[in-house]
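Undergrad: Residue numbers (our numbering): 464 to 671. Even for Gly, the Cβ is constructed at its ideal location relative to N, Cα and C.
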């Protein structure tokens, strides 16, 4: 089950639950704000969140992660370069938009690593390094359900920005063309700030 939960902070962001229907256990992806709202959804559905995943280190995607780690008893996982952003309020942009937000102790992920549920190891996501929006951007792909949580790398009818610290247009285009568009066309793209789309639909916009 994929459940989008829109969260309202300094910027609105799409957070996602990716839940194994058989066990009620799952992942929480990019909880940027409103921890109380997140917890309300978890409790109402009786879910167990085993792991919190971050697509990148910008504050609007991780602003509530530290508090939710304590509330849920779930570790935070982020790409191995995300630590620099999580611990630097200027690089993660929080210092420019309000109170500084920093996170310690995130578990680093490497490119190609599989993140599995303890309750069912076959329910898993693959971490794919997709830099460009930020140096640490990562896409989480489910082969089982053909869904990719892409953060701000690609949106419906558009690509991510590259103008923030560490952004790079060349790397962003390469990540989209060579990594994301290499996934099956039917793969659903779940982004941080747009409606869902599919790889096949977005490829057609690029005349691929």
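On the three-pair Cβ rule with 8 Å, is the stretch 464 to 481 touching the stretch 606 to 620?
TA: Short answer: they touch.
Undergrad: In three-state terms, what does DSSP make of residue 666?
TA: For this step, residue 666 is matched to residue 203 along the chain shown. It is helical.
Undergrad: What does the Cβ neighbour count give for residue 665, buried or exposed, with the cut at 16 atoms within 10 Å?
TA: Stepping through the chain shown from its first residue, residue 665 is reached at position 202. So residue 665 counts as buried.
Undergrad: Measure the beta-carbon distance from residue 655 to residue 629 and round it to whole angstroms, keeping in mind my assumption that it falls under 8 Å.
TA: Stepping through the chain shown from its first residue, residue 655 is reached at position 192. Stepping through the chain shown from its first residue, residue 629 is reached at position 166. The pair is not a contact, with the Cβ atoms about 16 Å apart (cut-off 8 Å).
Undergrad: With distances taken between CB atoms, is the gap from residue 521 to residue 556 smaller than 8 Å?
TA: Numbered from its first residue, the chain shown carries residue 521 at position 58. Numbered from its first residue, the chain shown carries residue 556 at position 93. Yes, Cβ-Cβ distance for residue 521 and residue 556 is below 8 Å.
Undergrad: DSSP state of residue 577, grouped into three classes?
TA: Translated into the one-based positions of the chain shown, residue 577 becomes position 114. In this structure, residue 577 counts as strand in the three-state DSSP scheme.
Undergrad: Quick check on residue 646: does DSSP put it in helix, strand or coil?
TA: Start at 1 with the first residue of the chain shown, and residue 646 comes out as number 183. Residue 646: coil per DSSP, three-state reduction.
Undergrad: Ignoring anything shorter than 4 residues, give me the alpha helix (DSSP H) runs that lie fully in the stretch 611 to 640, in order along the chain.
TA: Those alpha helix (DSSP H) runs which fall completely within the stretch 611 to 640 and span 4+ residues are 632 to 637.
Undergrad: Helix, strand or coil for residue 488 per DSSP?
TA: In the chain shown, residue 488 corresponds to position 25, counting from 1. Strand.
Undergrad: Can you find a CB in chain C that lies within less than 8 Å of the CB of residue 482?
TA: Here chain C cannot be found, since the structure has a single protein chain.
Undergrad: In whole angstroms, what is the alpha-carbon distance linking residue 539 and residue 668?
TA: Taking the chain shown and counting its residues from 1, the one referred to as residue 539 is at position 76. Taking the chain shown and counting its residues from 1, the one referred to as residue 668 is at position 205. Residue 539 and residue 668: Cα-Cα distance of roughly 35 Å.
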